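If you read the sequence shown in the UniProt record's numbering, its first letter stands for residue 1, the second for the next number, and so on.
This report refers to the structure that appears directly beneath it.
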Amino acid sequence: KHGSLNGYHKTHALRERARKLSQGILIIRFEMPYNIWCDGCKNHIGMGVRYNAEKKKVGNYFTTPIYRFRMKCHLCVNYIEMQTDPAACDYVIVSGASRKEERWDMAENEQILTTEREEKEKLETDAMFKLDHGGKDKEKLNKALPSLLELQDHQAAWKDDFQLNSALRRKFRIEKKEKVEKEEKDDAVRARTNLSIPLLPEREQDKRLAALLSYQTPDSYEDRQRSKRQEISSRSWFGTTSTATTPGGLLHKLGLQGKEAAVAKALGPSRTPLICRKSDTQESAPEVETIERDASSSSLVPNYSDSDSDHGK
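In structure tokens form, the structure reads like this:
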């Protein structure tokens, strides 16, 4: 009697999506085909963003139907309407947004444009239009002739692909061999100098600087010890410098000064008469004079240079 469960329950198979089906509107999921700018909030909506859109048929292009989609922006309350364009195989914006222009213009980039159907029919039926079109084609050919000749030269150079492949592989083998030799040399240098950094390629300036350098092999510990022993064995046992400048002479001088200080301390602070005698060169009798000096302020070393000094007189 009802034919199906949907007829029995008086519902549609698409449920909420078919709530406006009586108006010719179906709710679908519409995916944005390209980048656009919303006219309501001025925000960017990227390609691939999906919306719940109302789909309805608005016309035909020959036998291909034209559909229109109406959806609400997810960032504001503005509604966006788009429809299909079967002639250009594209989507066009009806209202509510503006397209972000990223299309490739073939005429601007000097690419070959497809001939329209009307133009093809006119070329086949109108001789004057065909002649005029042929003249334009010759102008384009003369303009593009240098580029075409250059392309032909490049194609001729790469025509024998087997020989080119063989030459390329031969070049790669030579470069690989040189690279392996260079890596071995670099590894040897790094191992000798205990380095772990990559080495730069060698230059002529580096060779000249290296030729100006001279290296001396450092002596080993045994060689240094042997040279020290030879120096010690060849050194003179007796010093050639004066005793005043050598360390031994300085110690001897300090010892004498210590003895003089001990003698002065033993004599005490009493006054000691010292007798000085003049030289014997004079014929007159020697004059003896007694000089009293303070023992604490002068040196108490008597003069024993003359053996005939008479202290008893």
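Glycine included, every Cβ here is placed at the ideal spot set by N, Cα and C.
Being a predicted model, the structure only gives us computed values, none of them experimental.
| Check | Outcome |
| --- | --- |
| Which of helix, strand or coil DSSP assigns to T63 | coil |
| Whole-angstrom distance between K143 and L131, CA atom to CA atom | 19 Å |
| DSSP state of Y34 mapped onto helix, strand, coil | coil |
| Rounded straight-line distance, which links the Cα of T63 to that of T125 | 27 Å |
| Rounded distance between the beta-carbons of M71 and G48, thought under 8 Å | Not really, about 14 Å apart at Cβ, beyond 8 Å. |
| Buried/exposed call for T84, threshold 16 Cβ in 10 Å | buried |
| K20 - DSSP class collapsed to helix/strand/coil | coil |
| Span separating the alpha-carbon of H154 from that of E81 | 51 Å |
| Straight-line gap, Y79 to C89 (C-alpha atoms, nearest Å) | 24 Å |
| Member of E183, C38, K20 and K122 whose CA lies at the smallest distance from the CA of K55 | K20 |
| Neighbour-count burial assignment, F30, 16 or more Cβ in a 10 Å radius | buried |
| Identity of the residues DSSP links to L26 by a beta bridge | K55 |
| Distance, Q152 Cα to L141 Cα | 15 Å |
| Those residues which DSSP pairs with F69 across a bridge | K55 and M82 |
| The alpha helix (DSSP H) enclosing D153, as first and last residue numbers | A127 to A157 |
| A191, buried or exposed, once every other Cβ within 10 Å from all chains shown has been counted against 16 | exposed |
| Cβ shell of A87 (< 7 Å), same chain only, five flanking positions each side left out | Y61 |
| Beta-bridge partners of S98, as assigned by DSSP | W37 |
| Cβ pair V77, R68 closer than 7 Å | no |
| Host alpha helix (DSSP H) of E116 (start-end) | Looking at the DSSP string, E116 is not in any alpha helix (DSSP H), and its letter there is neither H nor E. |
| Complete beta strand (DSSP E) runs within the stretch 160–206 (minimum length 3 residues, chain order) | none |
| Pair within 7 Å by beta-carbon distance, F129 and K138 | no |
| Any chain D beta carbon closer than 7 Å to Q225 | No chain D appears in this structure, which consists of one protein chain only. |
| K159 to N165 span [Cα, whole Å] | 11 Å |
| Contacts around L14, its chain only, beta-carbon distance under 6 Å, and the 5 residues preceding and following it disregarded | none |
| Cβ contact (3+ pairs, closer than 8 Å) linking the stretch 37–51 and the stretch 2–11 | no |
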